[in-house]
Amino acid sequence: MNWVKLEKLLHRFFESARLDIQIKDRFGKPVVPREWFFVPMFVVDQVVEKPREGSL
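Residue numbers in the sequence shown follow my numbering, run continuously in steps of one, and reach 126 at the last position.
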């Protein structure tokens with residue numbers, strides 16, 4: 071399995087649920103997290119199983 075492609079696919083799948091937030095890092099610089107999603111864990115579990123089933 072190509073993990074890089076899978077990660078990109080999951081990011082596209084969850085794009086609409088990505089948290090739109092800006093925080094400051096330890097140096098006070100603004101950071102926009104790209105891997106924070108507002109999704110129930112059971113949904114993540116279901117989606118992660120899809121590639122194994124060949125249905126994503």
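A virtual CB, placed ideally from N, CA and C, is assigned to each residue, including glycine.
Measuring alpha carbon to alpha carbon, tell me which of the options ends up nearest residue i.
i: Lys94; options: Ala87, Val102, Arg88; result: Val102
i: Asp90; options: Trp73, Glu105, Arg82; result: Glu105
Write down the C-beta distance between residue i and residue j rounded to the nearest angstrom, noting that I regard them as a contact closer than 8 Å.
i: Phe107; j: Phe84; result: 5 Å
Are the beta-carbon atoms of residue i and residue j separated by less than 8 Å?
i: Val117; j: Leu80; result: yes
> Which ranges would you report for the beta strand (DSSP E) in the stretch 73-113 if only whole runs of at least 3 residues count?
Replying inline: Counting only runs of 3 or more, we get nothing.
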